[in-house]
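S.K.:
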Amino acid sequence: MSEPNFGLCGGCLFQRVVPTTRGSLFSLCERAAEDPSFPRYPRIPVGSCAGFLARPASTDQQQAEDGE
Ligand code: SF4
Numbered sequence: 016m017s018e019p020n021f022g023l024c025g026g027c028l029f030q031r032v033v034p035t036t037r038g039s040l041f042s043l044c045e046r047a048a049e050d051p052s053f054p055r056y057p058r059i060p061v062g063s064c065a066g067f068l069a070r071p072a073s074t075d076q077q078q079a080e081d082g083e
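Under the working numbering, think of the first position of the sequence shown as 16, with each following residue one higher.
(1) Report the partner residues of Pro34 according to the DSSP bridge assignment.
(2) So what does DSSP say about Gly25, is it helix, strand or coil?
(3) Would you tell me roughly how many angstroms separate the C-alpha atoms of Ser73 and Gly66, rounded to the nearest one?
(4) Should Pro34 and Leu40 be called a contact, given that it needs their Cβ atoms to be closer than 8 Å?
(5) Between the Cα of Tyr56 and the Cα atoms of Gln30, Glu18, Glu49, which residue gives the shortest distance?
Next up, the structure:
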């Protein structure tokens, strides 16, 4: 399954990628649960976001992307 262009969300600590039953991927913003000013499913690609926080390179998701 190829990953869509998530824009800024693709490198953000608060992003969770959610697969659908139809085989596509949604980008869920975990900040939305605590702050309603963030959309739960932001329209991608996200170009700018006040809540962006860079995901550390050593997270599981990054390792999965690297094939580890
Ligand atoms: S905080 Fe912003 S950049 Fe991060 S996942 Fe949410 S919408 Fe995307």
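Built from N, CA and C at the ideal position, the CB exists for glycine as well.
M.R.: Short version:
(1) Paired residues: Leu40.
(2) Gly25 sits in a helix when the DSSP states are folded into three classes.
(3) Distance between the alpha carbons of Ser73 and Gly66 is about 20 Å.
(4) Yes, Cβ-Cβ distance for Pro34 and Leu40 is below 8 Å.
(5) It is Gln30 whose Cα lies nearest to the Cα of Tyr56.
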